[in-house]
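Data block below; observations after.
There are 2 protein chains.
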Amino acid sequence: MAFRGDRPRIGQVAQLAGVSATTVSHALNGRRPVSAETRRRIMDAIAELGYRPNVVARGLRAGRSLTIGLVIPDITNPFYPVLARGVQDVLGPAGYDEIITNTNGVRDLERAALDKMISRQVDGVAFAVFHTHADDLQPVIDAQIPVVRLGGRAAQTGVDLVHSDDEGGAREAVRHLIHNGYRRIAFICGPAAEGPAAERVAGYRAALAEAGIGPQQNMVVHTDFSRAGGAHGVEKLIRQRKRPDAVLCANDMMAIGALDAARERGLRVPDDLAVMGFDDIEAATLVTPQLTTIANPAREIGMACARLLLDRINGVAGPPKEIVIPTRLVRRQSA
Amino acid sequence: MAFRGDRPRIGQVAQLAGVSATTVSHALNGRRPVSAETRRRIMDAIAELGYRPNVVARGLRAGRSLTIGLVIPDITNPFYPVLARGVQDVLGPAGYDEIITNTNGVRDLERAALDKMISRQVDGVAFAVFHTHADDLQPVIDAQIPVVRLGGRAAQTGVDLVHSDDEGGAREAVRHLIHNGYRRIAFICGPAAEGPAAERVAGYRAALAEAGIGPQQNMVVHTDFSRAGGAHGVEKLIRQRKRPDAVLCANDMMAIGALDAARERGLRVPDDLAVMGFDDIEAATLVTPQLTTIANPAREIGMACARLLLDRINGVAGPPKEIVIPTRLVRRQSA
DNA sequence: GTGAAAGCGCTAACAG
DNA sequence: CTGTTAGCGCTTTCAC
Numbered sequence: 000m001a002f003r004g005d006r007p008r009i010g011q012v013a014q015l016a017g018v019s020a021t022t023v024s025h026a027l028n029g030r031r032p033v034s035a036e037t038r039r040r041i042m043d044a045i046a047e048l049g050y051r052p053n054v055v056a057r058g059l060r061a062g063r064s065l066t067i068g069l070v071i072p073d074i075t076n077p078f079y080p081v082l083a084r085g086v087q088d089v090l091g092p093a094g095y096d097e098i099i100t101n102t103n104g105v106r107d108l109e110r111a112a113l114d115k116m117i118s119r120q121v122d123g124v125a126f127a128v129f130h131t132h133a134d135d136l137q138p139v140i141d142a143q144i145p146v147v148r149l150g151g152r153a154a155q156t157g158v159d160l161v162h163s164d165d166e167g168g169a170r171e172a173v174r175h176l177i178h179n180g181y182r183r184i185a186f187i188c189g190p191a192a193e194g195p196a197a198e199r200v201a202g203y204r205a206a207l208a209e210a211g212i213g214p215q216q217n218m219v220v221h222t223d224f225s226r227a228g229g230a231h232g233v234e235k236l237i238r239q240r241k242r243p244d245a246v247l248c249a250n251d252m253m254a255i256g257a258l259d260a261a262r263e264r265g266l267r268v269p270d271d272l273a274v275m276g277f278d279d280i281e282a283a284t285l286v287t288p289q290l291t292t293i294a295n296p297a298r299e300i301g302m303a304c305a306r307l308l309l310d311r312i313n314g315v316a317g318p319p320k321e322i323v324i325p326t327r328l329v330r331r332q333s334a
Numbered sequence: 000m001a002f003r004g005d006r007p008r009i010g011q012v013a014q015l016a017g018v019s020a021t022t023v024s025h026a027l028n029g030r031r032p033v034s035a036e037t038r039r040r041i042m043d044a045i046a047e048l049g050y051r052p053n054v055v056a057r058g059l060r061a062g063r064s065l066t067i068g069l070v071i072p073d074i075t076n077p078f079y080p081v082l083a084r085g086v087q088d089v090l091g092p093a094g095y096d097e098i099i100t101n102t103n104g105v106r107d108l109e110r111a112a113l114d115k116m117i118s119r120q121v122d123g124v125a126f127a128v129f130h131t132h133a134d135d136l137q138p139v140i141d142a143q144i145p146v147v148r149l150g151g152r153a154a155q156t157g158v159d160l161v162h163s164d165d166e167g168g169a170r171e172a173v174r175h176l177i178h179n180g181y182r183r184i185a186f187i188c189g190p191a192a193e194g195p196a197a198e199r200v201a202g203y204r205a206a207l208a209e210a211g212i213g214p215q216q217n218m219v220v221h222t223d224f225s226r227a228g229g230a231h232g233v234e235k236l237i238r239q240r241k242r243p244d245a246v247l248c249a250n251d252m253m254a255i256g257a258l259d260a261a262r263e264r265g266l267r268v269p270d271d272l273a274v275m276g277f278d279d280i281e282a283a284t285l286v287t288p289q290l291t292t293i294a295n296p297a298r299e300i301g302m303a304c305a306r307l308l309l310d311r312i313n314g315v316a317g318p319p320k321e322i323v324i325p326t327r328l329v330r331r332q333s334a
């Protein structure tokens with residue numbers, strides 16, 4: 000069978016340069032000295048033929064594919080492109096490419112994605128899911144492929160973990176509100192406090208406690224992790240006898256919804272109601288008033304993850320690590 | 000050398016099932032009939048061993064990698080994740096994965112990305128760049144790898160092209176403004192009318208002409224393709240003696256900047272100044288007033304591209320195609 | 001500093 | 001319907 004494009008192979012380069020394929024290989028990979036003169040002839044031959052090493056063949060032989068798998072819920076969620084960029088900007092220069100798979104947060108798809116990564120013989124996997132199914136990672140671990148989990152609590156499986164300081168960030172948010180004189184501070188959460196949201200609630204509670212503000216009635220409402228959810232949360236809160244004077248939302252989209260509801264109800268932000276978000280997605284600067292929020296450094300998370308993966312791939316051992324990326328308060332107009 | 004994880008190979012499956020590796024291969028790929036009984040034994044063996052075919056080996060042998068390359072400026076630009084999703088949603092079920100490379104619009108990186116795709120023996124390439132360098136694609140074409148260009152004008156190289164109807168969209172936008180009574184309609188463009196922007200300007204001019212509105216003085220301003228650029232464009236326009244009553248911007252971020260400037264200057268939108276964008280990024284619904292814009296269907300573009308690629312890979316020949324994806328007017332509040 | 005030969009895991013002739 | 005054999009393009013012993 001005629002193979003695609005009939006590209007030059009290493010043997011042709013060797014022939015043209017008057018050396019063996021072995022020497023060409025070593026000239027290219029630097030695993031063994033090659034004389035300057037030989038190297039020059041090889042490079043000339045490569046240029047003349049337009050030779051490009053076949054990464055697939057190399058991968059098969061070497062047991063490495065120079066590929067890492069990134070398993071995420073949805074690249075369309077603005078957090079992940081930034082994270083992916085961070086990963087790539089570290090891994091790219093090291094010669095790795097990424098295969099990105101979207102799971103929509105569906106467990107079966109997550110499992111299938113991991114299976115695929117094993118089949119593809121990836122050299123590492125970055126796995127970002129809310130619902131942590133530790134055992135779903137087992138096949139990857141068995142295949143001895145380094146895995147880094149993104150987000151979530153410390154893993155039981157002993158895999159590396161990179162996540163932002165959700166609890167600390169929420170604490171800082173609430174401190175900021177308290178500092179600005181707000182006292183009845185609500186938290187608008189998703190249906191359940193799952194994933195990062197759980198830690199954000201924890202930070203919220205901790206900050207209230209440390210300020211001597213006891214838990215207040217009905218100040219944590221559960222809705223959806225969406226714009227409509229945020230709006231709905233505010234609706235719910237202001238129907239109560241004791242209204243909040245500030246709301247912290249589990250993410251920015253919810254906070255934007257909160258802003259919608261406030262405007263709808265004629266509430267001035269931040270005078271009648273302060274609103275804070277979490278994540279600092281680009282949209283936070285698009286709304287009016289601009290959103291005060293906690294930056295969730297997606298890019299740094301991606302980069303830290305990539306570095307960890309590189310270390311593992313290169314056999315820099317050590318016990319499983321947990322890397323916590325600090326968040327950062329971003330003051331704008333809404334609180 | 001001990002290979003990673005010592006995963007079961009096809010031979011082990013064959014042995015356990017009491018058949019040859021060939022038969023296992025065929026049972027898996029369905030290229031040749033396998034008796035029901037044999038197939039059952041093979042499947043049992045696969046399940047027992049947890050066997051997963053090695054895609055890299057398969058790729059080397061078959062000359063296909065089941066991978067396609069997506070070369071884009073920046074996954075962080077909100078247009079591309081949606082496009083990538085569209086590509087994946089078509090290609091994924093067909094067994095393909097994507098490698099995404101960001102070029103930042105830098106020509107050397109574009110070339111390097113294409114080289115890499117050839118090295119990786121991808122089965123197809125989707126190439127999205129503003130600055131069309133037809134000859135940069137030549138190595139890929141020589142390697143007989145199907146390429147689909149995304150965006151830009153009809154290619155001279157004879158490669159497939161998928162793009163949205165930028166000219167028609169702009170025409171529709173201007174018609175909408177005219178229909179709503181606006182007559183002094185400006186266009187805020189980037190530094191040069193490059194890429195899609197060129198066609199958007201053309202559509203703008205065409206619509207004015209067809210409405211019998213001759214070209215007006217200083218109604219096309221050049222700034223940056225950014226939020227600040229849009230704001231700057233409005234500033235420039237309203238300093239003129241004859242102000243526009245509407246502006247069409249080359250993209251949504253610019254339109255959002257235009258909204259900023261209007262607010263700053265106390266101009267009511269759309270009463271004093273109508274504002275329209277282009278692309279319908281998510282942010283368009285985030286601003287106040289919400290942006291009336293032209294939806295640039297990234298997802299459809301990605302899906303059409305993927306289908307075209309599949310056709311080419313499967314040898315469904317035919318001459319190079321140009322697929323134009325229609326845009327759609329999205330009426331909201333700003334015009 | 002260089003080569004010959006073996007083989008990564010799989011699929012596709014060819015042969016029955 | 002099934003098996004044997006060769007080989008995809010490369011890297012890596014082992015030998016010189």
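Sequences listed follow chains A and B, in order. Anchor point for the first sequence: position 3 equals 2 in numbering that gives the first Met the number 0, and the numbering is continuous, going up by one each time. Anchor point for the second sequence: position 289 equals 288 in numbering that gives the first Met the number 0, and the numbering is continuous, going up by one each time. Even glycine gets a Cβ: it sits at the ideal position worked out from N, Cα and C. The model shown is predicted, which means the values in this text are computed figures rather than measured ones.
For Ile-212/B, there is no enclosing beta strand (DSSP E), as DSSP marks it with neither H nor E. Listed along the chain, the chain A residues whose CB falls inside 8 Å of the CB of Ala-282/B are Glu-281, Ala-282 and Leu-285. Under the DSSP assignment, Gly-68/B falls in the beta strand (DSSP E) whose first and last residues are 66-71. Here DSSP, grouped into helix, strand and coil, assigns Glu-166/A to helix. By the neighbour-count definition (other C-beta atoms within 10 Å, threshold 16), Gln-120/B is a buried residue. Among the residues of chain A, those whose CB is under 9 Å from the CB of Arg-84/B are Asp-73, Ile-74, Thr-75 and Asn-101, following chain order. Between the segment 30-38 of chain B and the segment 25-42 of chain A, the count of Cβ pairs shorter than 8 Å is below three; the stretches do not touch. With respect to the C-alpha of Tyr-50/A, the residue from Gly-91/B, Asp-114/B and Ser-163/B having the closest C-alpha is Asp-114/B.
With contacts defined as CB atoms closer than 8 Å, Phe-129/A and Gly-194/A qualify as a contacting pair.
Of all residues in the segment 106-121 of chain A, the ones placed with a Cβ closer than 8 Å to any Cβ belonging to chain B are Asp-114, Lys-115, Ile-117, Ser-118, Arg-119 and Gln-120, in chain order.
For Phe-129/A, the secondary structure class from DSSP, reduced to helix, strand or coil, is coil. Secondary structure of Arg-238/A (DSSP, three-state): coil.
Residues of the segment 159-188 of chain A with a C-beta less than 8 Å from any C-beta of chain B: none at all. Linking Leu-69/B to Leu-247/A through their CA atoms gives a straight-line distance of about 39 Å. Of Ile-184/A, Leu-136/A, Gly-157/A and Asp-223/A, the smallest CA-CA separation from Ala-169/A is found for Ile-184/A.
Straight across, the Cα-Cα distance linking Val-161/A with Thr-222/A is about 27 Å. Within the model, the alpha-carbon separation for Ala-197/A versus Asn-103/B is close to 37 Å.
The contact set of Arg-51/B on chain A, defined by CB atoms closer than 7 Å, consists of Asp-114, Ile-117 and Ser-118 in chain order.
Using a Cβ-Cβ cut-off of 8 Å, Gln-11/B does not count as an interface residue toward chain A, since no Cβ of chain A sits closer than that to its own. In the DSSP assignment, the residues bridged to Ala-273/B are Ala-245/B.
Between Pro-72/A and Ala-127/A, the CB-CB gap stays under 8 Å.
Within the same chain, Cβ atoms closer than 6 Å to the Cβ of Thr-291/B are found at Met-275, Arg-330, Arg-331, Ser-333 and Ala-334, the five residues on either side in sequence being excluded. Beyond the five residues adjoining it in sequence on each side, Asp-96/A comes within less than 6 Å, by CB distance, of Thr-66 in the same chain, given in chain order. Contact annotation, Arg-327/B with Ala-294/B: C-beta distance approximately 4 Å; criterion of less than 8 Å satisfied. By the Cβ criterion, the segment 163-182 of chain B is in contact with the segment 197-210 of chain B, since at least three pairs of Cβ atoms, one from each stretch, lie closer than 8 Å. When Cβ pairs closer than 8 Å are counted between the two stretches, the segment 202-218 of chain A is seen to touch the segment 237-247 of chain A, the count reaching three or more.
Selection Leu-136/A, Val-233/A and Arg-238/A evaluated against Ala-249/A yields Val-233/A as nearest (Cα-Cα). The beta carbon of Arg-63/A is closer than 6 Å to those of Asp-122 in its chain, skipping five residues each way along the sequence. Residues are counted here when their Cβ sits less than 8 Å from a Cβ of chain A; for the segment 122-147 of chain B these are Pro-138, Asp-141, Ala-142, Gln-143 and Ile-144, given in chain order.
Of all residues in the segment 57-68 of chain A, the ones placed with a Cβ closer than 7 Å to any Cβ belonging to chain B are Gly-58, Leu-59, Gly-62 and Ser-64, in chain order. Taking 8 Å as the threshold, the shortest C-beta distance from Glu-97/B to chain A falls below it.
At a C-beta separation below 7 Å, Pro-92/A has no neighbours in chain B, since its nearest C-beta there lies roughly 11 Å away. Using a Cβ distance threshold of 8 Å, Ala-303/B and Ile-324/B count as a contacting pair.
Per the Cβ contact rule, the segment 34-49 of chain B is in contact with the segment 6-22 of chain B (3 or more Cβ pairs under 8 Å). Straight-line measurement puts the Cα of Pro-319/A at about 37 Å from the Cα of Val-89/B.
Cβ-Cβ distances below 7 Å link Val-54/A to Leu-65 in the same chain, with the five nearest sequence neighbours on each side left out; the list follows chain order.
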